[in-house]
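Read the structure below first, then the notes.
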Amino acid sequence: MRYTALLLLVSQSLMCADLTSLLPNAKTNLRIASARLEIQKSAEQLDEAKTAYFPTVTATALYKKKDKTPAFEPNKIQGAELGAQISVFDGFRREALLDALHASMASATHSLAQEEQNVLMETIASYYDYLDTQDRLSANQEKKKELNAEVERYEILVKNDLATTDILKSLIASRLEADYDEQNLKMLLEKHRKNLELLSATPIHEAIEYQELAQPTLRVMERHDLQSDQAKIDILRNTEDRYTYLPSITLEAKHKYMEYSGYDTMGGTNIQPLNQNEITASLSMTLFDMGRIAKEREQARIDTLKAKNLLDYKTQSLNNDAEIALMSIQTSQHAYEAAKAEEAARSEAFGFIKQRFEAGLVNTTTYLSELTNLTYSRAKTYNARNTLQVAKASAAYAYGIDLMTLIEEKK
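Reminder that position 330 of the sequence shown reads as 327 in my numbering, one-by-one numbering, no gaps.
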């Protein structure tokens, strides 16, 4: 019983789906989960790079046999070796790698935040596309309801020889056209539903409810994709430092236990030791390589400059988009007000036309034309209302404002 009640509660919440329930679920989108794994990968790479500061310990088992050796050289050797090696200094290559990986972690973190906003923006757009189609379907159904009433009325009039069949046929043709539009709108609605389910990771079985977004508070642009790109430039800049002529210093220690057989010990003076400890310190550096390292460093520097130029261009482009998005809110608001005024005027005009049509003072063409205009105006009003909400979201998205705040402020 308890589980049944829980299922009913869940199903009711899905039947009343709006942005407040859809957007949080969208953060479980597989695209976001994939971006989150990239952060995990960067963390693993960072941990791996830190191991370069620790010694490497190895154990080796050895068996060697030669069929021809001098009398004083063993022809059979077997034993074990335990060794440790550590890089004392490597020309700051490790430090450059760690800095690059820290920047990679920052880039992945910002990429995740941006991907969340991308999915939320697409979800919002898909939500209002669904609503727009749903509203157009509703307006078309109102048109059908009006036509059905007139068809029924004229069927009675024609049956009693009070009206001609041409008017009835025109009304039936218009109703069939409305049926055709309804089927197309239902197919389009299903398409938007599937897309919305994919983006929001939420099953949608019933019509969703309209929800208005809050007016975004626009400020300085703080987009995560720009910050991610800046972190990628830091990766390239740190990569340059890995190409260096500075020397590397390595320290190595080994302990060996070896057994030797099949040789002349020369009365004990040539006995090979069973245990041996070795310590080796080595310094290596490139003295001449035809400028290969310098050229690699220059290539890395060029990659950094190229990425910086692309980032500057992208920043300018996004600034332009942000300005246009801000203007779009104002334009959409005016369009919505105009659409509402047009619908009110069309509704009033249709009321008069309908009365005159029923009184036989206007022809069918005028009546159907006004009915079509009213249906179009209703759909346009819904579209303008939904477009205004998308414009709000687009402006917030352009400025890098968290889209979740647009629904939190409306609670």
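Virtual Cβ for every residue (Gly too), placed ideally from N, Cα, C.
Being a predicted model, the structure only gives us computed values, none of them experimental.
What's the C-alpha gap between residue 55 and residue 251?
As a position in the sequence shown, residue 55 is number 58, starting the count at 1. As a position in the sequence shown, residue 251 is number 254, starting the count at 1. Cα atoms of residue 55 and residue 251: separation of roughly 9 Å, rounded to the nearest angstrom.
Enclosing beta strand (DSSP E) for residue 55 [first to last residue]
Mapped onto the sequence shown, residue 55 falls at position 58. If you look at residue 55, you'll find it in the beta strand (DSSP E) that goes 53 to 62.
Do you know whose CA, among 123, 121, 131, 171, lies nearest residue 142's CA?
Within the sequence shown, residue 142 is the residue found at index 145, counting from 1. When each option's Cα is compared against that of residue 142, the closest is 171.
Select from 368, 220, 279, 334 the residue whose C-alpha is nearest the C-alpha of residue 313.
Against the sequence shown, residue 313 aligns to sequence position 316. Put simply, of 368, 220, 279, 334 the residue whose alpha carbon is nearest the alpha carbon of residue 313 is 220.
Is residue 259 near residue 73, with beta carbons less than 8 Å apart?
As a working mapping, residue 259 is identified with position 262 in the sequence shown. As a working mapping, residue 73 is identified with position 76 in the sequence shown. The criterion of a C-beta distance shorter than 8 Å is satisfied by residue 259 and residue 73.
On the CB-based measure, 16 or more other CB atoms within 10 Å of its CB, does residue 398 come out buried or exposed?
Mapped onto the sequence shown, residue 398 falls at position 401. Counting the other CB atoms within 10 Å of its CB gives residue 398 a total of 16 or more, which places it among the buried residues.
Range of the contiguous beta strand (DSSP E) that encloses residue 236:
As a position in the sequence shown, residue 236 is number 239, starting the count at 1. Segment 221 to 237 is the alpha helix (DSSP H) holding residue 236; no beta strand (DSSP E) there.
Compute the Euclidean distance between the alpha carbons of residue 150 and residue 30, then round it to the nearest angstrom.
By 1-based counting over the sequence shown, the position of residue 150 is 153. By 1-based counting over the sequence shown, the position of residue 30 is 33. Roughly 59 Å separates the two Cα atoms.
Measuring CB atoms only, is the stretch 269 to 283 touching the stretch 100 to 113, in the sense that at least three cross pairs come out at less than 8 Å?
The stretch 269 to 283 vs the stretch 100 to 113: no contact.
What residue from 400, 41, 91, 302 has the CA that sits closest to residue 51's CA?
Residue numbering aside, residue 51 sits at position 54 when the sequence shown is read from its first letter. Nearest Cα to residue 51 within the set 400, 41, 91, 302: 91.
For residue 28, which residues in the same chain have their Cβ closer than 7 Å to its Cβ, ignoring the five residues on either side in sequence?
In the sequence shown, the residue the question calls residue 28 occupies position 31. Once the five neighbours on either side are set aside, the close Cβ partners of residue 28 are 112, 116.
Tell me whether the beta-carbon of residue 36 lies closer than 8 Å to the beta-carbon of residue 109.
As a first step, residue 36 must be located in the sequence shown, where it is residue number 39. As a first step, residue 109 must be located in the sequence shown, where it is residue number 112. Contact: yes.
Indicate the three-state DSSP secondary structure (helix, strand or coil) for residue 156 in the structure shown.
Locating residue 156 in the sequence shown gives position 159, counting from the first residue. Helix, per DSSP.
How should residue 210 be labelled, buried or exposed, when 16 other C-beta atoms within 10 angstroms of its C-beta is the threshold for buried?
In the sequence shown, the residue the question calls residue 210 occupies position 213. In summary, residue 210 is buried, with 16 or more beta-carbon neighbours lying within 10 Å of its beta-carbon over all protein chains present.
Let me know the secondary structure DSSP gives residue 260 once reduced to three states.
Translated into positions along the sequence shown, residue 260 becomes position 263. Residue 260 sits in coil when the DSSP states are folded into three classes, being neither helix nor strand.
Counterpart residues of residue 253 in DSSP-defined beta bridges
Walking along the sequence shown from the start, residue 253 turns up at place 256. In the DSSP output, where bridge partners are listed per residue, residue 253 has 78, 273.
Delimiting residues of the alpha helix (DSSP H) encompassing residue 41
To locate residue 41, count along the sequence shown from 1; it is residue 44. Boundaries of the alpha helix (DSSP H) around residue 41: 27 to 47.
Which residues DSSP lists as bridging residue 247, in chain order:
Start at 1 with the first residue of the sequence shown, and residue 247 comes out as number 250. According to DSSP, residue 247 bridges with 84, 279.
Delimiting residues of the alpha helix (DSSP H) encompassing residue 207
Numbered from its first residue, the sequence shown carries residue 207 at position 210. Run containing residue 207: none; DSSP gives neither H nor E here.
Per-residue burial, residue 349 [other beta carbons within 10 Å of its own, 16 or more giving buried]:
Residue numbering aside, residue 349 sits at position 352 when the sequence shown is read from its first letter. Here residue 349 is exposed, its C-beta having fewer than 16 other C-beta atoms within 10 Å.
Measuring only the C-alpha atoms, how far is residue 60 from residue 274?
Translated into the one-based positions of the sequence shown, residue 60 becomes position 63. Translated into the one-based positions of the sequence shown, residue 274 becomes position 277. Taking the straight line from one Cα to the other gives about 19 Å.
Taking just the CA atoms, how far does residue 42 sit from residue 411?
Any property of residue 411 remains undetermined from this structure, which presents the chain solely from -2 to 408.
6 Å CB neighbourhood of residue 298 in its chain, flanking five on each side removed:
Your numbering for residue 298 matches position 301 in the sequence shown. 237.
Tell me whether the stretch 190 to 210 and the stretch 155 to 173 touch, counting them as touching only if at least three CB pairs, one residue from each stretch, are closer than 8 Å.
When C-beta atoms of the stretch 190 to 210 are compared with those of the stretch 155 to 173, fewer than three pairs fall below 8 Å, so the two segments do not count as touching.
Just reading off the alpha helix (DSSP H) that residue 286 is part of, what are its end residues?
For this step, residue 286 is matched to residue 289 along the sequence shown. Unbroken run through residue 286: none, as it is neither H nor E.
If residue 282 and residue 242 are in contact, beta carbons under 8 Å, what's the gap, nearest whole angstrom?
Residue 282 sits at position 285 when you count from the first residue of the sequence shown. Residue 242 sits at position 245 when you count from the first residue of the sequence shown. With a Cβ gap of about 7 Å, residue 282 and residue 242 count as contacting.
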